[in-house]
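Chemist:
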Amino acid sequence: MLRSAQLKGILPAIPTPVHADDTIHMDAARALLRYLLGQGIDGVVPLGGTGEYGALSRAERVRMAELTAQEVEGRDVPVIAGVLDPGYHDAIAAGRDFAAAGADGLLVLTPYYTNPTQAGIRDYFLRYADESPVPILIYEIPYRTRIAIAPEVLHELSRHENIIGMKACNTDMWHFLRTVAGVDESFAVLSGEDTLFPLHVAAGARGGIVVTASLLPTAWQRIFALASEGKTAEALALHRSLIPLMNLAFAETNPGPMKSVMDLIGVDAPAMLAPLVSAAPALSAELRTELTKQLAIFEGR
2 MLRSAQLKGI LPAIPTPVHA DDTIHMDAAR ALLRYLLGQG IDGVVPLGGT
52 GEYGALSRAE RVRMAELTAQ EVEGRDVPVI AGVLDPGYHD AIAAGRDFAA
102 AGADGLLVLT PYYTNPTQAG IRDYFLRYAD ESPVPILIYE IPYRTRIAIA
152 PEVLHELSRH ENIIGMKACN TDMWHFLRTV AGVDESFAVL SGEDTLFPLH
202 VAAGARGGIV VTASLLPTAW QRIFALASEG KTAEALALHR SLIPLMNLAF
252 AETNPGPMKS VMDLIGVDAP AMLAPLVSAA PALSAELRTE LTKQLAIFEG
302 R
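Under the numbering used here, the sequence shown has 125 at position 124, and the numbering climbs by one with no breaks.
#1: In three-state terms, what does DSSP make of residue 257?
#2: Would you report the Cα separation of residue 30 and residue 206, rounded to the nearest angstrom?
#3: For residue 52, which of 23, 183, 126 and 41 has the nearest alpha-carbon?
#4: If you compare alpha carbons, which of 176, 140, 183 and 235 is closest to residue 157?
#5: Tell me whether residue 175 is buried or exposed, calling it buried when 16 or more other Cβ atoms sit within 10 Å of its Cβ.
#6: Starting from residue 1, follow its DSSP beta bridges and name the residues at the other end.
#7: Can you tell me whether residue 81 is buried or exposed, with buried defined as 16 or more other CB within 10 angstroms of its CB?
#8: Is the beta carbon of residue 102 less than 8 Å from the beta carbon of residue 141?
#9: So residue 168 is in the beta strand (DSSP E); what residue range does that whole segment cover?
#10: Of the residues 61, 12, 86 and 134, which one's Cα is nearest the Cα of residue 34?
#11: Return the chain-ordered ranges of every alpha helix (DSSP H) run that is complete within the region 8–73 and spans a minimum of 4 residues.
#12: Shortest alpha-carbon distance to residue 254 belongs to which of 274, 266 and 270?
#13: Given this structure, state the Cα-to-Cα distance separating residue 112 from residue 89, to the nearest angstrom.
#14: How about residue 10 and residue 225: do their beta carbons lie closer than 8 Å?
#15: For the beta strand (DSSP E) containing residue 108, list its first residue and its last residue.
#16: Under three-state DSSP, which class holds residue 270?
#17: Output the distance between the C-alpha atoms of residue 276 and residue 231, rounded to the nearest integer angstrom.
#18: For residue 144, count the other beta carbons within 10 Å of its own beta carbon; 16 or more makes it buried, fewer makes it exposed. Which is it?
#19: Who are the Cβ neighbours of residue 93 in its own chain at under 8 Å, not counting the five residues just before and after it?
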């Protein structure tokens with residue numbers, strides 16, 4: 002059973018390579034996972050927003066969870082599958098399917114569209130945790146869901162034995178500081194923001210679920226090592242050198258820009274799923290130049 006102590010370091014949020022017919026490109030997905038595993042990642046997160054969860058069919062989501070679990074089998078690398086359904090019954094059914102496919106944990110999104118109260122959010126996660134076959138992480142990303150979880154609610158949820166952590170994407174640092182100040186000691190807060198990662202680690206995050214770590218895992222591992230050792234100024238300086246890459250990677254909706262350049266790491270599957278479209282050619286070309294430069298720096302290419 003996955004433990005909160007295993008949630009640390011760099012866990013890339015990975016895109017889902019697909020064919021033109023919207024089915025998973027199995028060879029490209031395996032190539033991505035093998036690249037990341039070869040770089041010593043600490044965990045992997047398929048089927049989140051970066052994985053285009055909402056655009057994949059239910060069957061393809063399960064296939065991606067299964068493929069990911071198969072590739073990491075035998076390694077101390079937890080697979081945390083995203084669950085982004087807005088309704089409880091679809092969300093718990095998806096979680097059970099992913100657990101049966103081999104996922105070690107689930108990253109469960111705050112229920113959205115229905116505009117729940119804080120009491121409703123609390124009850125939703127408690128019910129999910131009670132019924133989930135594997136431990137869960139709370140996924141709070143208010144700029145996508147339009148719903149923030151109050152720190153006091155997160156404090157309470159952190160004490161449930163089957164809620165072992167969270168992906169924190171609330172860009173309000175005061176909210177983050179208040180959250181970390183009151184969660185259970187066993188609860189693993191993970192940064193979900195590439196742009197704030199070293200600050201989150203300095204403030205108590207145990208690592209992060211990082212989007213651009215799919216492109217540059219080594220760079221993010223170095224930033225984490227520095228930040229977790231208290232070398233915050235050095236971590237920030239290294240992080241600053243990645244700002245051009247992050248600006249380009251997020252200039253259009255993720256993962257379009259990233260997918261367009263992943264052939265540089267041996268993953269040639271740039272197709273996107275509707276309603277997302279491929280990155281603009283000029284943006285893709287600029288990102289390709291920047292990633293080539295960073296790969297030379299961090300991987301000696």
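Think of the CB as a built atom: it goes at the ideal place given N, C-alpha and C, for glycine as much as any other residue.
Modeler: From the atom records:
#1: helix
#2: 28 Å
#3: 23
#4: 183
#5: exposed
#6: Outside the modelled stretch of the chain, which goes from 2 to 302, sits residue 1, for which no answer is possible.
#7: buried
#8: no
#9: 164–169
#10: 12
#11: 27–39 and 59–73
#12: 274
#13: 8 Å
#14: yes
#15: 106–110
#16: coil
#17: 42 Å
#18: exposed
#19: 129, 132 and 133
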